[in-house]
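J.: Quick one: the structure is below, questions incoming.
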Amino acid sequence: MDHFGKTLTFISLAVFLLLISAGSASGKTLFNDTIEEGDGYQINNYVIEVAEVVYEHEVATIHVYEDESKTPKYDKFLSLGDSFTFTIEGEDVEVTLISVYSGISNRAKLSITITDASIINSKTLGEVDGGHTAAVFPKTPILEIIKTVEPDGIGTGDVVTVKVSVTNTGDGDAEKVIFSDSSPAKFVLQETLIAPTGQTTIKKGEMRLIYVYTLRSTESGTFVFDPSTAVYSNSIGDDFPQASSNAPVIEVEDSSKKANLDVVLVLDKYTVDRRDDLEGTIRMKNTGASSASAVTVNLLVPTGLEYSGGDPGIEIISGVPTVYMESFGVQQEKEISFRLKAIDEGTYTLSTQSSYLFSDGINPNAQSASSTSVTNAIYVKKGKYDYLLEQPIYVYIVPLLVIGIIAGLLYYRHRQYKF
């Protein structure tokens, strides 16, 4: 390489180094003013404190404290124009002593710059009267919430106890804490023993019960309890993401006591001549675990059939044969007979509508139930003498007239011979 090339390379390297040096020294100016002896300037968790100013020698001692430490992390003795650099969250902070002043309290004029100001929390930036001992540092509270439901396996109507506890595992107090909680459907609140009221503070390291309450289950199934949540901030007002608990799952078995009314319709035959009778039976049985009350069974008779009587327990209500019983016990059975007359040819079905009330031992009010039952098809065919009604009227009138005439002649002859 010739002399010109070497010179060009040297100049390029010098410019590159100057650019690097200029780039490292450049940044955002955070402060360029005087600070009294004993006061400081805070950037996030650091406080730059003017520990001592010696006006006569134009020097100052600068301490840099991190968090609440009583021992400075950096201890620098600066003359006018001197600088030193330290790092906050990967960014360089440069402190330069510009001048010193005397007075009731000596002061030092400092220039403070940072390479990237985006890391700075504006709530912890600025002068601090009293230095690091008076500074408020941004702490990070961490709320861990645990939700329990005991027992985790129950029957309908049983009671569970829900507890929600919180522990602050962070390095600062959680302030303006607001808790939220909800219960799943099919549970009824029985008693609230502990519940928060408004905002609260959870100290660093504190564990506290937030909710204690009992619930009664009303339905069987698998139920997931929604997480309990909390929103909160730290001592300087920084808001933190919502904290959430676990989501407990419990199984509820069906242990309710229900009435179950089985109603069956039975007929003595399902094919019948027109104008003939049918004999029927309503068979009832309570196969449930609870007594039924206000039992109503309606016998629905289709057009083409006609109700013609039955047991005394059947009443005609609004034209409908009805069985009503105040109560019907567990495993109780009953048979009720009735009669029908076939009126018109055709195919029919006979049915019942049943309704009743019962207490399931869970809900405070009586529960209602209903059911229907239907017979097989009933066929009504022509009667034995129905063909007679199908002949023209003269077929019946002419023979009657002939018989009448013959009877009249015989009577007349009888009268003649008598005299």
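Count the sequence shown with the numbering used here and you get residues 1 to 419, in order.
Backbone N, C-alpha and C define an ideal beta-carbon position, used for all residues, glycine too.
Given this structure, state the Cα-to-Cα distance separating T161 from V188, to the nearest angstrom.
T.: C-alpha separation (whole angstroms): 12 Å.
J.: Measure from the alpha carbon of L30 to the alpha carbon of each residue in T96, S370, P72, D75, then state which is nearest.
T.: The candidate whose alpha carbon is nearest that of L30 is T96.
J.: Give every residue of the same chain whose Cβ lies closer than 7 Å to the Cβ of E306, excluding the five residues on either side of it in the sequence, and list them in chain order.
T.: So the qualifying residues of the chain are L340, K341, I343.
J.: Ordered along the chain, which non-local residues of its own chain (more than five positions away) have a Cβ less than 8 Å from that of Q331?
T.: Around Q331: K285, N286, T287.
J.: Taking DSSP as the reference, what is the three-state secondary structure of S256?
T.: In the structure shown, S256 sits in coil (DSSP, three-state: anything other than H, G, I, E or B).
J.: Considering E52, what are the terminal residues of the beta strand (DSSP E) in which it resides?
T.: Here the beta strand (DSSP E) through E52 covers 46-54.
J.: Between which two residues does the beta strand (DSSP E) carrying H444 extend?
T.: What the structure shows of the chain is the stretch from 1 to 419, and residue 444 is not part of that stretch, so it cannot be assessed.
J.: Of the residues S182, V54, I316, which one's Cα is nearest the Cα of K147?
T.: Out of S182, V54, I316, S182 has the C-alpha closest to the C-alpha of K147.
J.: For N168, list the residues DSSP reports as bridge partners.
T.: Bridge partners of N168: L143.
J.: Return the CA-CA distance between L357 and P184, expressed in angstroms with no decimal places.
T.: Approximately 27 Å, taken between the alpha carbons.
J.: Would T281 and E335 qualify as a contact pair, given that the criterion is a beta-carbon distance under 8 Å?
T.: Cβ distance < 8 Å, so T281 and E335 count as in contact.
J.: One question on the structure: do I114 and K203 come within less than 8 Å of each other, judged by their Cβ atoms?
T.: No, Cβ-Cβ distance for I114 and K203 is not below 8 Å.
J.: According to DSSP, is K123 part of a helix, a strand, or is it coil?
T.: Correct three-state label for K123: helix.
J.: With distances taken Cα to Cα, identify the nearest neighbour of V164 among V323, L143, N298.
T.: Cα-wise, what sits closest to V164 is L143.
J.: Just the Cα atoms here: how many angstroms apart are V47 and D239?
T.: Each residue's alpha carbon lies about 23 Å from the other.
J.: Near A22, which residues of its chain fall below 7 Å by C-beta distance, leaving aside the five closest residues on each side in sequence?
T.: Annotation note: pLDDT 42 at A22 (below 50); position unreliable, no value reported.
J.: State the beta-bridge partners of P321 as determined by DSSP.
T.: According to DSSP, P321 bridges with I316.
J.: When you compare only the Cα positions, how much space is there between T156 and L215?
T.: Cα to Cα, the separation comes out at about 11 Å.
J.: Are V50 and D33 touching if we call contact CB-CB under 8 Å?
T.: The answer is no: Cβ separation not under 8 Å.
J.: Name the DSSP bridge partner or partners of T85?
T.: Answer is E94, bridged to T85.
J.: Does the separation of the CB atoms of I236 and V128 fall below 8 Å?
T.: Contact flag unset, no.
J.: To which residues does DSSP link F225 through a beta bridge?
T.: Note: F225 sits in no beta bridge, so no partner.
J.: For Q42, is the classification buried or exposed, using 16 other Cβ atoms within 10 angstroms of its Cβ as the cut-off for buried?
T.: Buried, by the Cβ-count rule.
J.: Checking 8 Å against the spacing of the C-beta atoms, do L401 and L265 come in under that value?
T.: No; because the gap between Cβ atoms is not below 8 Å, this pair is not in contact.
J.: How about V224 and V249: do their beta carbons lie closer than 8 Å?
T.: Contact: yes.
J.: Quick check for students: name the residue ranges of the beta strand (DSSP E) that lie wholly in the stretch 262-345, counting only runs of 3 or more.
T.: With a minimum length of 3 residues, the continuous beta strand (DSSP E) runs that stay inside the stretch 262-345 are 271-273, 277-286, 292-300, 305-310, 314-317, 320-328, 333-342.
J.: In this structure, how does DSSP classify A135 when only helix, strand and coil are distinguished?
T.: Note: A135 maps to coil in three-state DSSP.
J.: Starting from G468, trace the beta strand (DSSP E) both ways and give me its first and last residue.
T.: There is simply no residue 468 to check, as the chain begins at 1 and stops at 419 in what is shown.
J.: With DSSP collapsed to three states, give me the class of I236.
T.: In the structure shown, I236 sits in coil (DSSP, three-state: anything other than H, G, I, E or B).
J.: When DSSP labels each residue in this structure, what does I406 get in the three-state scheme?
T.: Of the three classes helix, strand and coil, the one that applies to I406 here is helix, per DSSP.
J.: Measure the C-alpha to C-alpha separation of N363 and T218 and round it to an integer number of angstroms.
T.: Taking the straight line joining both Cα atoms gives about 7 Å.
J.: Grouping DSSP H, G and I as helix and E and B as strand, with all else coil, what is L401?
T.: Residue state, collapsed to three classes: helix.
J.: Going straight from the alpha carbon of D92 to that of H132, what length do you get?
T.: Computed Cα separation, rounded: 20 Å.
J.: Going straight from the alpha carbon of G205 to that of N365, what length do you get?
T.: Taking the straight line from one Cα to the other gives about 48 Å.
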